[in-house]
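J.: Each protein sequence line maps, in turn, to chains Z and B.
Throughout the first sequence, residue numbering follows UniProt numbering, covering 1 to 553 in sequence.
Throughout the second sequence, residue numbering follows UniProt numbering, covering 1 to 257 in sequence.
Cβ atoms here follow ideal geometry from the backbone N, Cα and C, with glycine treated the same way.
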Amino acid sequence: MIKTLWYYQKTTMRHQYEALPSGRKVLYITLIALALFIMIPFGLGAAAAGNVFSPESLRAVIVYLMLSTLAVITFVTMPRTFQLLFGSKDIEFLFTLPVPSRHLFAMQFFTGWAGFPLLSFLLLTGLSIIIGAVSGAHVLFYPAATLLFFGLSVLGAGLSFLLNLFLVYILPAHRAQQLTTIISFISAALFILASQTPNIVMQNDSTSLTIEEAPEWLPTQPVAAALFASFQGEGSGVVYTAACLGALAVASLGVLWFAEKHYMSSWQRATEPVKNKIKSTRPGEARSVPYAIAFKEWRAVQRNPKEWTTCFTFALILILMFINFFSSGSALASPWANPASAWSSVHVMLGPAILLGLQQFAAAAFGREGESRWMLRVLPVTPRQIVLGKFLAHWIMTGMTLAGLELLAFLVFGWNIILFFAGLVLTLSLTAVAAASGIWAGASGGTYDEKNPQKRVRFDTGVISFFLNMLYLLLFFIPAWMLLSAGLSLQAKWSGPEPAFLPLWNTAPWQWITLLGAGGILSASGLALLLVYLHLRHGTKELTERGVDYLDA
Amino acid sequence: MPDSPAVEAKQLTKRFKEATAVHPLNFEVHAHEIFGFLGPNGAGKTTTMRMLAGLLEPSGGDGCIHGKSIKSQPLEAKQQLAYLPDKPDIYPKLTGWEFLQFIASVFKLDKNVWIEHARSLLQRFDLTESAGRLMETYSHGMKQKMALTGALIHQPSVIFLDEPTVGLDPKSSRDLRTILRETAADGTAVFFSTHMLDVADQLCDRVGIIHEGRLLQTGTPYALKQEHASYAEATLEDVFLRMTAQKVSQGSEGEIP
Chain Z
1 MIKTLWYYQK TTMRHQYEAL PSGRKVLYIT LIALALFIMI PFGLGAAAAG
51 NVFSPESLRA VIVYLMLSTL AVITFVTMPR TFQLLFGSKD IEFLFTLPVP
101 SRHLFAMQFF TGWAGFPLLS FLLLTGLSII IGAVSGAHVL FYPAATLLFF
151 GLSVLGAGLS FLLNLFLVYI LPAHRAQQLT TIISFISAAL FILASQTPNI
201 VMQNDSTSLT IEEAPEWLPT QPVAAALFAS FQGEGSGVVY TAACLGALAV
251 ASLGVLWFAE KHYMSSWQRA TEPVKNKIKS TRPGEARSVP YAIAFKEWRA
301 VQRNPKEWTT CFTFALILIL MFINFFSSGS ALASPWANPA SAWSSVHVML
351 GPAILLGLQQ FAAAAFGREG ESRWMLRVLP VTPRQIVLGK FLAHWIMTGM
401 TLAGLELLAF LVFGWNIILF FAGLVLTLSL TAVAAASGIW AGASGGTYDE
451 KNPQKRVRFD TGVISFFLNM LYLLLFFIPA WMLLSAGLSL QAKWSGPEPA
501 FLPLWNTAPW QWITLLGAGG ILSASGLALL LVYLHLRHGT KELTERGVDY
551 LDA
Chain B
1 MPDSPAVEAK QLTKRFKEAT AVHPLNFEVH AHEIFGFLGP NGAGKTTTMR
51 MLAGLLEPSG GDGCIHGKSI KSQPLEAKQQ LAYLPDKPDI YPKLTGWEFL
101 QFIASVFKLD KNVWIEHARS LLQRFDLTES AGRLMETYSH GMKQKMALTG
151 ALIHQPSVIF LDEPTVGLDP KSSRDLRTIL RETAADGTAV FFSTHMLDVA
201 DQLCDRVGII HEGRLLQTGT PYALKQEHAS YAEATLEDVF LRMTAQKVSQ
251 GSEGEIP
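(1) Tell me whether the beta-carbon of N469 (chain Z) lies closer than 7 Å to the beta-carbon of Q359 (chain Z).
(2) How about L84 (chain Z) and G112 (chain Z): do their beta carbons lie closer than 7 Å?
(3) By the criterion of Cβ-Cβ separation under 7 Å, what are the contact partners of N304 (chain Z) in chain B?
(4) In chain Z, which residues lie less than 8 Å from Q101 (chain B) when you measure between Cβ atoms?
(5) Please list, in chain order, the chain Z residues whose beta carbon lies closer than 7 Å to that of L75 (chain B).
(6) Between the Cα of K296 (chain Z) and the Cα atoms of B:V113, B:H154, B:Y91, which residue gives the shortest distance?
(7) For the region 185 to 196 of chain B, enumerate the residues whose C-beta is nearer than 8 Å to any C-beta of chain Z, in chain order.
(8) For F429 (chain Z), which residues of its own chain have a beta-carbon under 6 Å away from its beta-carbon, when the five flanking residues on both sides are left out?
(9) I need the straight-line Cα distance from R368 (chain Z) to L84 (chain B), nearest angstrom please.
(10) Just the Cα atoms here: how many angstroms apart are S230 (chain Z) and G237 (chain Z)?
(11) Quick one: using the 10 Å Cβ neighbour count with 16 as the cut-off for buried, is F361 (chain Z) buried or exposed?
(12) Which of helix, strand or coil does DSSP assign to N469 (chain Z)?
(13) To the nearest angstrom, how far is it from the Cα of V166 (chain B) to the Cα of G96 (chain B)?
(14) Does the beta carbon of I153 (chain B) sit closer than 7 Å to a beta carbon anywhere in chain Z?
(15) Please decide whether R299 (chain Z) counts as near chain B, where near means a Cβ-Cβ distance under 7 Å.
(16) Would the beta-carbon of K390 (chain Z) fall within 7 Å of that of A365 (chain Z)?
(17) What does R80 (chain Z) reach in chain B if we use C-beta pairs closer than 9 Å?
(18) Quick check on DSSP: helix, strand or coil for R299 (chain Z)?
(19) Let me see if you follow: with CB-CB separation under 7 Å, is W267 (chain Z) close to chain B or not?
(20) Does the distance between the C-beta of L531 (chain Z) and the nearest non-hydrogen atom of the ligand FAD fall short of 6 Å?
(21) Opposite K64 (chain B) in the DSSP bridges: which residues?
(22) Compute the Euclidean distance between the alpha carbons of P509 (chain Z) and F466 (chain Z), then round it to the nearest angstrom.
(23) Thinking C-alpha only, which one of Z:F322, Z:A300, Z:L318, Z:G126 is nearest T98 (chain B)?
(24) Mind checking if T207 (chain Z) is an interface residue toward chain B, Cβ cutoff 7 Å exclusive?
(25) Give a yes or no on whether 7 Å exceeds the smallest Cβ distance from W377 (chain Z) to chain B.
(26) Would you say K296 (chain Z) reaches chain B, if we count a Cβ-Cβ gap shorter than 7 Å as a contact?
(27) Below 8 Å on C-beta distance, what does I115 (chain B) contact in chain A?
(28) Would you mind giving the Cβ-Cβ distance between K145 (chain B) and S172 (chain B), rounded to the nearest angstrom? I have them listed as a contact below 8 Å.
(29) On the DSSP bridge assignment, give the partners of G213 (chain B) in chain order.
(30) Compare the C-beta of N204 (chain Z) against all C-beta atoms of chain B and say whether one is closer than 7 Å.
(31) Taking contact to mean 3 or more Cβ pairs, one atom from each stretch, closer than 8 Å, check whether the region 392 to 403 of chain Z and the region 369 to 376 of chain Z are in contact.
(32) Look at A53 (chain B) and V378 (chain Z) and say whether their C-beta atoms are less than 7 Å apart.
(33) Identify, in the order they occur along the chain, each residue of the same chain with its Cβ nearer than 6 Å to the Cβ of A117 (chain B), setting aside the five sequence neighbours on each side.
(34) For L123 (chain Z), which residues of its own chain have a beta-carbon under 8 Å away from its beta-carbon, when the five flanking residues on both sides are left out?
(35) Quick one: complete alpha helix (DSSP H) runs, 4+ long, within the region 71 to 121 of chain B?
(36) Along chain Z, in chain order, which residues have C-beta atoms closer than 8 Å to that of L109 (chain B)?
In structure tokens form, the structure reads like this:
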């Protein structure tokens, strides 16, 4: 049975590859070549860095790195494995056939492993070969590293499947369909933490590059021991490697046993219809068309947590900057001690997060129409009304949320009212630009994958949009500088000079500072208005030029 | 309404790369008329309807709704029409009432008028209780009926329905036929495609038979039977099968007359 399933899966995967546009194939091949090219200097650098550490510290680094790698493989693979286990269209059909669920699970497991875990395995093996060759490793090191990294990738994939089954098993059925969202955010948070592990570890003693020994109970200790011993050509390397692989086999059998017992029941729970708690029986007045479209968008986002995953980049940038601000001894590490500088730190973090992270949220608006897109095409609505409605919805959603955050920060950090107002203008201007550029990207390169909010814009359009927003970030530097200077100068005028990274104008007359602040507000809103207008006009043009097929990208 | 036909196809054509899905079509449908569009799978029925409803760009020719070209005056044409696809995917995250309010907003309907009209339609389709629920929880038939309610609340002068009876229970199917008759009596032109030839036979004032993208003939069911059937009890199905040159399995009922 496995053979039949595997043949079917292999054929499907081949057809999927064949159906890819040739441009996409070229892109994938280029990316692989680029990764291979980068791997050589990266491996050489890692080999050179290894000489700086003492053997104990190096072992601790390897233990932590292996642990991070295992966590990254597990959590990054989780959303995809969730889709494979419960979301793929063919599973429902296959469950009606006399196929043991163990076999179905094995097929899905292999498909899941053949993604990110396989890529991780290839990259780690390639890197270890380069490092081994440069550092003069014993010949035993190469097969040991290959087998261990293979094992790590299989274990990571296995854990991601197991966690999905377990979560679906313990959570109420009506929550099951929303799990992918939670899983995506857990993955993102862990991915960030894992990528920050070396930083956090190094901060213990950054002068001597000495790292405390990793705790013995960590599951990656035997893996590090096996790599170390085989590197030096010790016989214990073989024993450690065999023991690790044995443990892996036991873990895999455990996963398969659990899967056989619970796959079918978990699938049934995960695919149960969602209970409906929403009731609305009070119809009201007809709204204006853009407002009606905006309201529809708001409902689609509000009632589907999956849509929030498009704000992932925003959260990622914000978390990364937050960690770095805290660890760099900046004003944000003690915001109450220096509220004015904390205000600057908050807005320096928010700027890139909004412009580079929030446009994807608005860009998903066109793809969200999905199978319902015939509605907008058959109704007497103009492309301009569609673009305006979608823009308003996304600007109001992001603008109001961030205005709420501004208010919270104002109350918590004790900023003065002028600083609060200046921050509000800046945030609302930036969210408007992010929403408008996102709407333009969705209108010109939208793909109608309503189930996956992450795949709602073509790759090329996404890249152009990202670079455009980088440019806007630079353009907004001038009004932001004016606002920051005016705000900090005013603060200094009231409460005495405080340390700040900008030259202060606290000795200048009030009128000058006010003029500077007003100039900042006017230029921020003026720039925002111009960019919003250009994006919306171009988005409307894109839809109009494509005529009635405008929603078929 | 002006004297122009409610629906007019003028050399309406659709080509997809090499293949021609719809060869130049010419026909008219008038107000108060129920027009059945019949044809085997892949004959070009849906493509023709999608072009006339403004969902698909014609490769040649034009379609007009009360004299308004769907190509050059799409908004004016769409103001007068409603379309119900065979697979009514409607906003899953809206409740039935929210969806109807959206349609009312697009057509700028008076609050009291649209609510009253919607309530009466929802009652006829047994949707009163479920109209407050999210549409993602609806069955196929319920979605079909909600989409139809949305299509009817703005009282269009032309309504296109693609296989409207598929997925409906017998009562809803009968209610739909009654509503279509009433709608046509009020002056609306009803244009629908179906595979259920007995329904077309009973309901339609005129039918058009399309095969491989070519309109073979239009006429009343009675006239078509008179012209093509060789015995008195022949049904529209017999005529249809004869005209589309399909083979019928052996048996007394299936013999080609």
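T.: Here's the rundown:
(1) Yes; because the gap between Cβ atoms is below 7 Å, this pair is in contact.
(2) Their beta carbons are under 7 Å apart, which means L84 (chain Z) touches G112 (chain Z) by this criterion.
(3) The contacting residues are K93.
(4) In chain order: P283, G284, A286, R287, A292.
(5) Those within 7 Å of L75 (chain B) in chain Z are P380, T382.
(6) Comparing Cα positions, the closest option is B:Y91.
(7) Residues are counted here when their Cβ sits less than 8 Å from a Cβ of chain Z; for the region 185 to 196 of chain B the count is zero.
(8) Reading the sequence as shown, one finds Ser at residue 429 (chain Z) and not Phe. Non-local beta-carbon contacts of S429 (chain Z) in its own chain, meaning distances under 6 Å to residues more than five positions away in sequence, involve A524, S525, A528 in chain order.
(9) Cα to Cα, the separation comes out at about 21 Å.
(10) For S230 (chain Z) and G237 (chain Z), the distance between alpha carbons rounds to 4 Å.
(11) That one is buried.
(12) Three-state result, N469 (chain Z): helix.
(13) Near 20 Å, if we compare the C-alpha coordinates of G96 (chain B) and V166 (chain B).
(14) Not one chain Z Cβ lies under 7 Å of I153 (chain B).
(15) Cβ-Cβ to chain B under 7 Å: yes for R299 (chain Z).
(16) If you check the CB distance, K390 (chain Z) and A365 (chain Z) come in under 7 Å.
(17) Simply none; closest approach about 23 Å.
(18) Look at R299 (chain Z) here: in three-state DSSP terms it is helix.
(19) Not closer than 7 Å to any Cβ of chain B, the Cβ of W267 (chain Z) fails to qualify, so no.
(20) Among the components modelled here there is no ligand, and therefore nothing to report on the ligand FAD.
(21) Residue identity check: residue 64 (chain B) is Cys in the sequence provided, not Lys. According to DSSP, which records beta bridges pairwise, C64 (chain B) is partnered with B:E8, B:S69.
(22) Those two C-alpha atoms are separated by around 41 Å.
(23) Note that residue 98 (chain B) is Glu in the sequence shown, not Thr. With distances taken between Cα atoms, E98 (chain B) lies closest to Z:A300.
(24) Residue placement at T207 (chain Z) cannot be trusted, given a pLDDT of 46 that sits under 50; what the coordinates show is reported in the next sentence. The beta carbon of T207 (chain Z) sits no closer than 7 Å to any beta carbon of chain B.
(25) It is worth fixing the name first, because residue 377 (chain Z) is Arg in this sequence and not Trp. Residue-level contact by beta carbon holds for R377 (chain Z) and chain B, with a gap shorter than 7 Å.
(26) K296 (chain Z) counts as touching chain B.
(27) The chain labelled as chain A is not found among the protein chains of the depicted structure, namely Z and B.
(28) With a Cβ gap of about 6 Å, K145 (chain B) and S172 (chain B) count as contacting.
(29) Looking at the DSSP assignment, G213 (chain B) forms no beta bridge with any residue, so it has no partner.
(30) Confidence in N204 (chain Z) is poor, its pLDDT being 48 and thus under 50, which makes the residue's placement too unreliable to answer from.
(31) The answer is no - the region 369 to 376 of chain Z does not touch the region 392 to 403 of chain Z, with fewer than three Cβ pairs under 8 Å.
(32) Yes; because the gap between Cβ atoms is below 7 Å, this pair is in contact.
(33) Sequence inspection shows His at residue 117 (chain B); the Ala mentioned does not correspond to that position. These residues qualify, in order along the chain: I153.
(34) So the list reads A35, M39, once near-sequence residues are dropped.
(35) The alpha helix (DSSP H) runs of length 4 or more contained entirely in the region 71 to 121 of chain B are, from start to end of the chain, 74 to 79, 96 to 106.
(36) Residues of chain Z passing the Cβ test: A286.
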